[in-house]
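Each residue of the sequence shown is one higher than the one before, counting from 119 in my numbering. For glycine and all other residues, C-beta sits at the position ideal for the given N, C-alpha and C. This report refers to the structure that appears directly beneath it.
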Amino acid sequence: MENISIRPARPREQAAVAGLRWDWLVENGDEGLGEREEFVRQFVGWARENTASHRCMVVVRDDTVVIGMAWLAVVQRVPTPRAPRRASGDLQCVYVLPEARDGGLGGRLIQAVLDRAQELGLERVTVHSTPRAIPAYARRGFQESPRLLQARVEGG
């Protein structure tokens with residue numbers, strides 16, 4: 119049986135995480151992405167610059183091969199008299215390599231992010247899902263909200 123762990127990404131693993139992000143984009147039909155190596159370099163720099171707001175969890179095989187990722191973006195919220203420190207999270211870029219799917223790793227990864235969000239004291243976690251992944255999020259407690267709205271802003 120494989121030795122699988124889900125844990126926070128280590129700095130040296132960010133290039134592998136960038137590769138997963140690239141794979142996700144290619145798998146979803148994005149074209150004109152430029153050079154993979156340049157993207158990986160930029161991504162690693164971005165990850166280093168955004169450690170305060172973005173936390174990455176990874177699925178790792180045999181403690182060396184990164185086969186999945188998920189990002190928790192933490193957003194500070196406006197204080198209230200009862201809660202002077204508030205934050206919420208957004209689950210982003212959940213991806214497991216195709217050959218490692220359908221065995222529960224995605225659900226375990228989602229749960230690991232939710233556990234981290236709870237440790238951080240976040241009020242809620244949102245996600246923008248693909249249709250295929252909605253059941254996986256629903257099994258982990260995500261549900262539709264009539265109060266959470268979205269506006270498309272061009273250029274972003």
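Distance between beta carbons of residue j and residue i, contact taken as under 8 Å
i, j, result
"leucine 215", "isoleucine 185", "5 Å"
"valine 243", "leucine 209", "6 Å"
"methionine 187", "leucine 138", "5 Å"
"isoleucine 124", "alanine 230", "5 Å"
"alanine 205", "cysteine 174", "In fact, because the Cβ distance is near 17 Å, the residues do not count as touching under 8 Å."
"isoleucine 122", "arginine 179", "6 Å"
Unbroken alpha helix (DSSP H) run spanning residue i, endpoints
i, result
"aspartate 208", "Aspartate 208 -> not in any alpha helix (DSSP H); beta strand (DSSP E) instead, spanning 204-214."
"arginine 234", "223-237"
"arginine 128", "No alpha helix (DSSP H) holds arginine 128; DSSP gives it neither H nor E."
"valine 162", "154-167"
"alanine 254", "252-257"
Where the beta strand (DSSP E) containing residue i begins and where it ends
i, result
"alanine 332", "Residue coverage of the chain in this structure runs from 119 to 274, which leaves residue 332 outside it and unanswerable."
"arginine 173", "172-179"
"valine 135", "Here valine 135 belongs to no beta strand (DSSP E); instead the alpha helix (DSSP H) covers 132-145."
"threonine 244", "243-245"
Sub-9 Å separation of residue i and residue j beta-carbons
i, j, result
"glycine 224", "alanine 251", "yes"
"isoleucine 228", "alanine 191", "no"
"arginine 154", "tryptophan 140", "yes"
"alanine 136", "alanine 165", "yes"
"valine 245", "phenylalanine 260", "yes"
"alanine 134", "valine 183", "yes"
Exposed unless 16 or more other CB atoms sit within 10 angstroms - verdict on residue i
i, result
"glutamate 131", "buried"
"alanine 201", "exposed"
"valine 176", "buried"
"alanine 235", "buried"
"valine 151", "Sequence inspection shows leucine at residue 151; the valine mentioned does not correspond to that position. Result: exposed."
"methionine 119", "Here methionine 119 scores only 49 on pLDDT, less than 50, and its place in the model is too uncertain to base an answer on."
"tryptophan 189", "buried"
"alanine 269", "exposed"
"valine 212", "buried"
"proline 129", "exposed"
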